[in-house]
Amino acid sequence: MEEREPPPGGGNHNPLTEKPTISPTENANPNHLPKTSQPVFGSATFVVQIPKDQIYRVPPPEHAVLAQRRNLPIQKRRRCNCLCLAIIAVVIVLVVLIGGITAFFLKHANPSFSIENFLVRNPPDHHRWQHLEYNILLKAENPNQHTSIFYEQDGDASLSFKQKEIAAGKYPPFNQSPKNSNTFKIVLHGSNTALPKEIDKGLNSTNSKARISLSLWMNASVKLETGALKTGSKKIYVDCSLTVDALSKSARVLSQECHTMGQL
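Position 152 of the sequence shown, counting from 1, maps to 152 under full-length UniProt numbering, and the rest follow consecutively.
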């Protein structure tokens, strides 16, 4: 019986670490590789390197909820800002419209006045200046197209010569429609002071070339009405300068000019 020679390298033979020797002919033909019925597994650690730009991380669903909660206040603020801007724009438009309508209907012009007739009634006694009666017929025009003027009872009027009052009376109450004119009479009674010489001469003068300059001052309380809108009481002042040829029943007004003051 033949003896087997031990493999080279001594008796330390490990089939797991020993590499099989394959001849070139066997390496070329895969059919000559040894076949085993069970797969051979080896324990090993593998390190796989992936580029950073190819690493994808899926955030958890809770993050989406948090992000949505953060965006809600921003959306609400944007909606509130848009709503506030819209409200401000509407308010501005309304203010402009109301201001325009108010300016159109409530922008009032002062009435204008003119003297139509002037006469003096003088009694024959020697103290006639105390009982002189001045009848002045005036014309008032309301230039407002939509506003009526109501003249109240507490108006006053006075007649002066060279800044000295010679007669006084009351301004009569009346109503005036829009774009309408009214004539009214003011009756002034002589004061208790002696008349200036020029006025005394004018009472008896028959000279057609005589010139007597007088001043008529009036103040009146008025109320305005535009449609259903009514205003409170307002004051107007009227200053008239007139020149007459005599102080008699046949006196003629040679010139006159009236100015209305006060803002309606």
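Where a beta carbon is used, it is the ideal one built from N, C-alpha and C, also for glycine. None of the values given here were measured: they were computed from a predicted structure.
DSSP bridge partner residues for residue i (one or two, in chain order)
i	result
F174	Y151
I136	F118, I186
T243	S213, S255
N142	N180
G169	A157, L188
T260	V238
T226	T147, L229
P220	The sequence given here places Ala at residue 220; Pro does not occur at that position. Bridge partners of A220: I236.
F46	DSSP output for F46 lists no bridge partner at all.
Simplified DSSP state of residue i, which is helix, strand or coil
i	result
A194	coil
V91	helix
N81	helix
S248	coil
K164	strand
Q107	A small correction: the amino acid at residue 107 is Lys; Gln does not occupy that position in the sequence shown. K107: coil per DSSP, three-state reduction.
V96	helix
T231	coil
T102	helix
Beta-carbon gap between residue i and residue j smaller than 8 Å
i	j	result
V222	I115	no
K147	P178	The question names Lys, but residue 147 is Thr in the sequence shown. In this structure, P178 lies closer than 8 Å to T147 by Cβ.
L224	I149	yes
N110	G262	yes
residue 342	V120	Absent from the model: residue 342. The displayed extent of the chain is 1 to 264, so no value can be given.
S160	E141	no
R220	Y151	With the sequence shown as reference, residue 220 is identified as Ala, and Arg is not the correct amino acid for it. In this structure, Y151 lies closer than 8 Å to A220 by Cβ.
L229	H108	no
P196	K249	no
F118	I101	no
Q | the stretch 227-241 / the stretch 78-95 touching (three or more Cβ pairs under 8 Å) | A | no
Q. Would you say the stretch 240-249 touches the stretch 174-192, given that touching needs at least three Cβ pairs under 8 Å?
A. no
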